[in-house]
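Order-wise, the sequence lines are chains A and B. Numbering-wise, our numbering comes out as the position in the first sequence, counting from 1, plus 27. Numbering-wise, our numbering comes out as the position in the second sequence, counting from 1, plus 3. Comments concern the structure below.
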Amino acid sequence: MAAIRYNIIRLSVERPGQIVRFQHKIPSNLRRCTGFKAVHVRGVQTDLYIPEIGWFTASFNSLKEEAIVVPVSAQAFSNPEVSHEFQTLDVELMPSQLVVGVYVDTMTAIGFNPYVVSLYFRCTENVSVRTELVKITQSKNQDCSCIDEDDLEINEEQDSEELNPDQLCSTI
Amino acid sequence: MFDHLIHIHQQFKQRLIGIELQRFKNVVNKPGTFRYEIEAYNEYLLLTNSFALPIGTRIISDTNALEILTSQNGLEGLEEFSGLVAIELPANTQEYPNIEFIQIVKV
């Protein structure tokens, strides 16, 4: 089973109409991106739901694949519930390549406040590479027979994370 | 000064994108018109004269967005646009330069 890892790109918008560029290197152990989600994090305070405060566009694999154009909405102050669903994406990741894109603010200048938006990627990890790394680490540590109880607890925590891969667990 | 055409060929080769056609494309500005839209679906438009555009000009496409600021006014680099490309000139401009692109149709 492939483990799921999340990547987050977080951007600050300081002025109306701002174009914010980003480029982000996805860790090389991630093999495929299967979902994405664009959300307003904080800053826009509104009594009504705003379907679009701006939009993201992003391309994967160092400009080889254009995959995403997505608006970002802002929830009403009185109803801050946000959907946790990811939109489907199916991009095979080449190792050590960039995600490149822009965020374009489309808010009006009236009553503008600086705000923060995030673009989440849900990706799957290359488990075989990780298993190899674990094996190598284990073989290196074979000589050391002293196992600390604290280490055991940490290992158990990691296992539970793999069993429940939908946690937001990794950042940039 | 770098050669735009060599740069384009090298970069598209890196990106594994084949070029079917390469040619120049101009958008002629008319006084009093501040917004233009060009369709560039399944192709790329590479802006070659950003230095000639008025400060505050915005070019927004499905894949890229650019605002000409003072700091960008002197750049030689090529900005690439694809999809529906909207060009917005600042409302108070007195300059109406042609906007020059290299059009790349991909295989």
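Beta carbons are placed, not taken as given, at the ideal position from N, Cα and C, and that holds for glycine.
query, result
"Through-space distance from A/Ser105 to A/Phe49, alpha-carbon basis", "32 angstroms"
"Chain-ordered neighbours of A/Val131 on chain D, where CB pairs are closer than 7 angstroms", "Of the protein chains in the structure, A and B, none is chain D."
"Residue-chain proximity (B/Arg18, chain A), Cβ-Cβ < 8 angstroms", "yes"
"Same chain, Cβ closer than 7 angstroms to B/Val30, neighbours up to 5 away in sequence not counted", "Tyr39, Ile41, Ile90, Asn101, Ile102"
"Outcome for A/Asp178 when other beta-carbon atoms lying within 10 angstroms are tallied against a minimum of 16", "For A/Asp178, the predicted structure reports a pLDDT of 49, less than 50, and the residue's modelled location is therefore unreliable. A value from the coordinates is still provided. It counts as exposed."
"Cβ-Cβ distance between A/Ile53 and A/Leu120 below 8 angstroms", "yes"
"Anticipated Cβ contact below 8 angstroms, B/Ser64 with B/Ala94, distance rounded", "Not confirmed; about 21 angstroms, so no contact."
"Test item: CB-CB of A/Ile80 and A/Thr133 under 8 angstroms", "yes"
"DSSP three-state assignment for B/Thr60, whether helix, strand or coil", "coil"
"Candidates A/Gln114, A/Phe139, A/Val129: closest to A/Phe83 by CA position", "A/Val129"
"Cβ neighbour criterion (16 or more within 10 Å) applied to B/Arg26", "exposed"
"Through-space distance from B/Thr60 to A/Val127, alpha-carbon basis", "22 angstroms"
"Nearest neighbour of A/Pro78, chosen from A/Leu125, A/Ser89, A/Val99, A/Val131 [CA to CA]", "A/Val99"
"B/Phe54 versus A/Ser39 - alpha carbon distance", "27 angstroms"
"Cβ of A/Val144 within 8 angstroms of any chain B Cβ", "no"
"Nearest residue (CA-CA) to A/Leu146, options A/Glu152, A/Lys64, A/Ala103, A/Val118", "A/Lys64"
"Positions along the segment 81 to 102 of chain A whose CB lies within less than 8 angstroms of some CB in chain B", "Thr84, Ser86, Ser89, Leu90, Lys91, Glu93, Val96"
"Within 9 angstroms of chain B by C-beta, residues of the segment 30 to 46 of chain A in sequence order", "Gly44, Gln45, Ile46"
"DSSP state of B/Phe54 mapped onto helix, strand, coil", "helix"
"Alpha-carbon to alpha-carbon, A/His67 and A/Arg37", "10 angstroms"
"Exposed unless 16 or more other CB atoms sit within 10 angstroms - verdict on B/Asn23", "Sequence check: residue 23 of chain B is Glu here, not Asn. It counts as exposed."
"Same chain only: Cβ atoms within 6 angstroms of A/Gln72, ignoring 5 sequence neighbours per side", "Phe104"
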